[in-house]
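Chains A and B, in that order, give the protein sequences. According to our numbering, the stretch in the first sequence is residues 4 to 262, in order. According to our numbering, the stretch in the second sequence is residues 4 to 262, in order. Beta carbons are placed, not taken as given, at the ideal position from N, Cα and C, and that holds for glycine.
There are 2 protein chains.
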Amino acid sequence: MIPTIRDHRSVRNFETGRTIPEELVERLLEAAVRASTVGNMQLYSIVITPAGSPVFGELSPCHFNQPAATGAGLLATFCADVHRFSQWCRQRGAEPGYDNLQWFVNGAIDALLASQNFSLEAEANGLGICYLGTTTYNAADIVRILRLPRGVVPVTTVAVGYPAEPLPGLTDRLPLEAVVHRETYRDYAPEEIDRLWAAREASDETARLLAENDLPNLARIFTERRYTTVDNLHFSQAYLDVLRAQGLFEFELKEPSEK
Amino acid sequence: MIPTIRDHRSVRNFETGRTIPEELVERLLEAAVRASTVGNMQLYSIVITPAGSPVFGELSPCHFNQPAATGAGLLATFCADVHRFSQWCRQRGAEPGYDNLQWFVNGAIDALLASQNFSLEAEANGLGICYLGTTTYNAADIVRILRLPRGVVPVTTVAVGYPAEPLPGLTDRLPLEAVVHRETYRDYAPEEIDRLWAAREASDETARLLAENDLPNLARIFTERRYTTVDNLHFSQAYLDVLRAQGLFEFELKEPSEK
Chain A
4 MIPTIRDHRS VRNFETGRTI PEELVERLLE AAVRASTVGN MQLYSIVITP AGSPVFGELS
64 PCHFNQPAAT GAGLLATFCA DVHRFSQWCR QRGAEPGYDN LQWFVNGAID ALLASQNFSL
124 EAEANGLGIC YLGTTTYNAA DIVRILRLPR GVVPVTTVAV GYPAEPLPGL TDRLPLEAVV
184 HRETYRDYAP EEIDRLWAAR EASDETARLL AENDLPNLAR IFTERRYTTV DNLHFSQAYL
244 DVLRAQGLFE FELKEPSEK
Chain B
4 MIPTIRDHRS VRNFETGRTI PEELVERLLE AAVRASTVGN MQLYSIVITP AGSPVFGELS
64 PCHFNQPAAT GAGLLATFCA DVHRFSQWCR QRGAEPGYDN LQWFVNGAID ALLASQNFSL
124 EAEANGLGIC YLGTTTYNAA DIVRILRLPR GVVPVTTVAV GYPAEPLPGL TDRLPLEAVV
184 HRETYRDYAP EEIDRLWAAR EASDETARLL AENDLPNLAR IFTERRYTTV DNLHFSQAYL
244 DVLRAQGLFE FELKEPSEK
């Protein structure tokens, strides 16, 4: 396996104050743009915000001031972007029709494939990375802070820095057969679900979390502590509001009530 | 730069009839699951459909029978999947609240990062790949053919096979500064747009396309031939219908009319 892929772990503790040289940042960006992109339209933008800049400080609360965000050498915000391509079209007398869900998804695909190339290249050069899922929670604030124009929506952020030793271990994963299906999707029998999660549920880490959270099982830590329904609905509505405000949801031909 | 990243090009012509050994498929899948995933929840599934299976033939029209799809050794359909995780929660008496946009986006992020690892590992082992953007156009058919349960939505497909020689050249990209912004987004002046697209617009490939399409510029090939507004709106509505039918858009707290 490609060693960088094999050895990936998310790094959340960085050497503070250590700057990433500009030539290295350029190399990560060059790797990012080699990724596949829908129709070679490059429907994404990458905003690089280095530690120490005022904007970096403004972004931290958007990521709940988690150490991976506050301690990083830079934050790379990957955005779906139909604005640049649409502007080119308009300058050529071509009428762009890209303000809709399909194109948000196209842009998100582009942004995410580029982000993974960027992250792997960072790791291959001795840097550590952490994806910040908070990007889609607080997207409206990020739009404002990064001054994203209509047509541009943040999808993910990669925090990059020099890892503080020691590196964390590899993250455990479900057995491969949990996520892989052959020919068609085969649904899971209850006992298969039990088997797939057995190792994780029996781990020392889970025992520690249960004691810490005073809950009887790991699943309830996810549903009652980490990702509650109230939060999920709130952030879903917030992200939809951002898609609408940024003009990437301008298409509803029919509402559910009309069906 | 990681050589596999540097040398990526989409391959659309494969050696027909050459099977990808199962051990190699396993290696690509092992690479896929090493990618970062939101909260280590692995909110995605990968459906591997090998050439020659009846389902492979059914999938081809979903991808408009393009040679990259019909000639591939296998199709790997990457899906956002909150079904498996929700089922685990329910079996543990935990109430999952994952049937909403935020979780579709989380699952899509997971699926796309995994797909890029999968693709790079394929290329590192002498295979060629092509992402099939058609996945989000004809998602309803793919849901039916792959028997995706509620909670699972296809996001992208990677066609994989042994490249027929000769390999295509690297795809041209816009200059790096087109997609990169420093600190915050800086908008594009009209003359900057002209400059960024100048090389592509002056290329032999563009001259060939203009002659072939009888249109005055490249932008109009995109808006009038490749991605028309009518199609974009149609496929946006179709994908939203799939999100709703698969239970990943069950959250609308307010409709635009109420704002």
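In this structure, what does DSSP give as the bridge partners for Y47(B)?
As a first step, residue 47(B) is located in the second sequence; it is residue number 44 there, counting from the start. Bridge partners of Y47(B): A83(B).
Are the CB atoms of L149(A) and Y191(B) nearer to each other than 8 Å?
What you label residue 149(A) is simply residue 146 of the first sequence in a count that begins at 1. What you label residue 191(B) is simply residue 188 of the second sequence in a count that begins at 1. No, the pair does not count as a contact, with Cβ atoms beyond the cut-off.
How would you list, in chain order, the residues of chain A whose beta-carbon sits under 9 Å from the beta-carbon of V14(B)?
Translated into the one-based positions of the second sequence, residue 14(B) becomes position 11. Simply none; closest approach about 11 Å.
Using 10 angstroms around the beta-carbon of L243(B), count the other beta-carbons present and answer buried if the total reaches 16, otherwise exposed.
As a first step, residue 243(B) must be located in the second sequence, where it is residue number 240. Taking every protein chain shown into account, the CB of L243(B) has 16 or more other CB atoms within 10 angstroms, so this residue is buried.
Name the residue from N109(B), R203(B) and N141(B) whose alpha carbon lies nearest to the alpha carbon of N68(B).
Start at 1 with the first residue of the second sequence, and residue 68(B) comes out as number 65. Ranking N109(B), R203(B) and N141(B) by Cα distance to N68(B) puts N141(B) first.
By Cβ distance below 7 Å, which residues in the same chain neighbour N216(A) in space, the five residues on each side in sequence not counted?
Taking the first sequence and counting its residues from 1, the one referred to as residue 216(A) is at position 213. Once the five neighbours on either side are set aside, the close Cβ partners of N216(A) are I224 and R228.
Where Y242(B) falls: helix, strand or coil (DSSP):
Residue mapping note: residue 242(B) aligns to position 239 of the second sequence, counting from 1. In the structure shown, Y242(B) sits in a helix (DSSP, three-state: H, G or I).
Could you run through the segment 13-36 of chain B and flag, in chain order, every residue whose CB is less than 7 Å away from some CB of chain A?
S13, R30, L32, E33, A34 and V36
Short check: CB of A162(B) to CB of A71(B), under 8 Å?
As a first step, residue 162(B) is located in the second sequence; it is residue number 159 there, counting from the start. As a first step, residue 71(B) is located in the second sequence; it is residue number 68 there, counting from the start. Yes, they are a contact pair.
Taking only beta-carbon positions, decide if S48(B) is within less than 8 Å of chain A.
Taking the first residue of the second sequence as position 1, residue 48(B) is located at position 45. At least one chain A Cβ lies under 8 Å of S48(B).
What residues in the segment 130-142 of chain B bring their beta carbon closer than 7 Å to a beta carbon of chain A?
Y134, G136 and T139
Between V85(B) and chain A, is there a C-beta pair that is closer than 8 Å?
Within the second sequence, numbered from 1, the residue matching residue 85(B) stands at position 82. Not an interface residue.
I want to verify the contact list: residues of chain A whose CB lies under 7 Å from the CB of I112(B), in sequence order.
Here residue 112(B) corresponds to residue number 109 of the second sequence, with the count starting at 1. Chain A residues near I112(B): L115 and T159.
Whose C-beta lies closer than 6 Å to the C-beta of L173(B) among residues of the same chain, with five residues either side of it excluded?
As a first step, residue 173(B) is located in the second sequence; it is residue number 170 there, counting from the start. Once the five neighbours on either side are set aside, the close Cβ partners of L173(B) are R12.
So, using beta-carbon positions, are L46(A) and N109(A) closer together than 8 Å?
One-based indexing of the first sequence puts residue 46(A) at position 43. One-based indexing of the first sequence puts residue 109(A) at position 106. Result yes, Cβ atoms of L46(A) and N109(A) sit closer than 8 Å.
Look at F238(A) and V158(A) and say whether their C-beta atoms are less than 8 Å apart.
For the purposes of this step, residue 238(A) is identified with residue 235 of the first sequence, where counting begins at 1. For the purposes of this step, residue 158(A) is identified with residue 155 of the first sequence, where counting begins at 1. No, Cβ-Cβ distance for F238(A) and V158(A) is not below 8 Å.
Residue from T7(A), G154(A), W91(A) and V155(A) with nearest C-alpha to E287(B):
Nothing in the structure corresponds to residue 287(B), since chain B is present only between 4 and 262.
What are the start and end residues of the beta strand (DSSP E) that includes R203(A)?
By 1-based counting over the first sequence, the position of residue 203(A) is 200. From DSSP, R203(A) is part of no beta strand (DSSP E) but of the alpha helix (DSSP H) over P193 to E204.
Can you list, in chain order, the residues of its chain with a C-beta nearer than 7 Å to that of E261(A)? Leave out the 5 residues immediately preceding and following it.
Numbered from its first residue, the first sequence carries residue 261(A) at position 258. At E261(A) the pLDDT is 42, less than 50, meaning the model places this residue with poor confidence and gives no usable figure here.
Would you report the Cα separation of E61(B) and G20(B), rounded to the nearest angstrom?
Translated into the one-based positions of the second sequence, residue 61(B) becomes position 58. Translated into the one-based positions of the second sequence, residue 20(B) becomes position 17. E61(B) and G20(B) have their alpha carbons spaced roughly 18 Å apart.
Contact list for the segment 142-154 of chain B against chain A, Cβ threshold 7 Å
L149, R150, L151 and P152
For the segment 84-107 of chain B, enumerate the residues whose C-beta is nearer than 9 Å to any C-beta of chain A, in chain order.
D84, H86, R87, F88, Q90, W91, C92, R93, Q94, R95, G96, A97, E98, P99, G100, Y101, D102, N103, L104, Q105, W106 and F107
If you run the structure through DSSP and keep just helix, strand and coil, what is P6(B)?
Start at 1 with the first residue of the second sequence, and residue 6(B) comes out as number 3. Here P6(B) sits in helix by DSSP.
Using a C-beta to C-beta distance shorter than 8 Å, which residues of chain B count as neighbours of N109(A)?
The count along the first sequence starts at 1 and reaches residue 109(A) at position 106. What N109(A) touches in chain B: G136 and T139.
Please classify S118(A) as buried or exposed, where buried requires at least 16 neighbouring CB atoms within 10 angstroms.
Against the first sequence, residue 118(A) aligns to sequence position 115. With 16 or more other Cβ atoms within 10 Å, it is buried.
Give a yes or no on whether 8 Å exceeds the smallest Cβ distance from L62(A) to chain B.
By 1-based counting over the first sequence, the position of residue 62(A) is 59. Judged by the 8 Å Cβ criterion, L62(A) is not in contact with chain B.
Which residue spans inside the segment 49-125 of chain B form an unbroken alpha helix (DSSP H) run of at least 4?
57-62, 70-73 and 86-94
If you draw a straight line from the alpha carbon of A111(B) to that of A83(B), how long is it in whole angstroms?
Numbered from 1 along the second sequence, position 108 holds the residue referred to as residue 111(B). Numbered from 1 along the second sequence, position 80 holds the residue referred to as residue 83(B). Spanning the two alpha carbons is a distance of roughly 5 Å.
Answer yes or no: do T15(A) and N128(A) have a C-beta to C-beta separation smaller than 8 Å?
Looking up residue 15(A) in the first sequence gives position 12. Looking up residue 128(A) in the first sequence gives position 125. Position check: residue 15(A) holds Arg in this sequence, whereas Thr was assumed. Taking 8 Å as the Cβ cut-off, R15(A) and N128(A) do not qualify as a contacting pair.
At the 8 Å Cβ level, is S56(B) part of the contact set with chain A, yes or no?
Position 53 of the second sequence, counting from 1, holds the residue named residue 56(B). Output row for S56(B): interface = yes.
Considering only DSSP beta bridges, list what T174(A) is partnered with.
What you label residue 174(A) is simply residue 171 of the first sequence in a count that begins at 1. DSSP lists no beta-bridge partner residue for T174(A).
If you draw a straight line from the alpha carbon of P193(A) to that of P178(A), how long is it in whole angstroms?
Against the first sequence, residue 193(A) aligns to sequence position 190. Against the first sequence, residue 178(A) aligns to sequence position 175. Their backbone Cα atoms lie some 16 Å apart in a straight line.
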